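In the working numbering, the protein residues as written are 12 to 198. A short write-up of the structure that comes next.
Here it is, written out as structure tokens:
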């Protein structure tokens, strides 16, 4: 799982391939993806044995991250998040995603399940993480940490720059500012 931390996915037009890179080397290849498109970064996240892929247009797919990486954009996406949508995968392999414009949280418990939707506050530009199975979003436009099933937390004068990566369950999320790390209670 560590190999894919911070991975990038790039679509290639002429060869219909998508390359997954960890910044130093190609760590995987997904074939037949978005032919006739310009190279464009997508969001790839990993947890458990699941990989979530969000295209630049906000289409969400999930694939098994074991064995050969088999993927085709000919398969319908699991959800349409919109261009500003993000997804992460929990350590347990649950895909969670947010379509910020429509205020919807998508939760896909396994690759055999359809997405279950619930309400989530409308967000501006945001970063997403899972703390255990709980979803947190750093709304950069309001400098607020939005917590699934709980109150949001205003960060005040401390401008949040980076939300922690998804990780194990905890009673707090970590947000980096320009000069400190904030431990923000999730309760």
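The beta-carbon is built from N, C-alpha and C at its ideal position, and this holds for glycine as well. All values derive from a computational prediction rather than experimental measurement.
Check	Outcome
Buried or exposed by the 16-neighbour rule on C-beta atoms within 10 Å, applied to residue 81	exposed
Beta strand (DSSP E) runs wholly inside the region 140-184, at least 3 long, in chain order	145-150, 155-158
C-alpha distance - residue 141 paired with residue 98, whole-angstrom precision	10 Å
Contacts around residue 167, its chain only, beta-carbon distance under 8 Å, and the 5 residues preceding and following it disregarded	154
Where residue 197 falls: helix, strand or coil (DSSP)	coil
Element boundaries [beta strand (DSSP E), containing residue 52]	52-58
Three-state secondary structure (DSSP) of residue 81	coil
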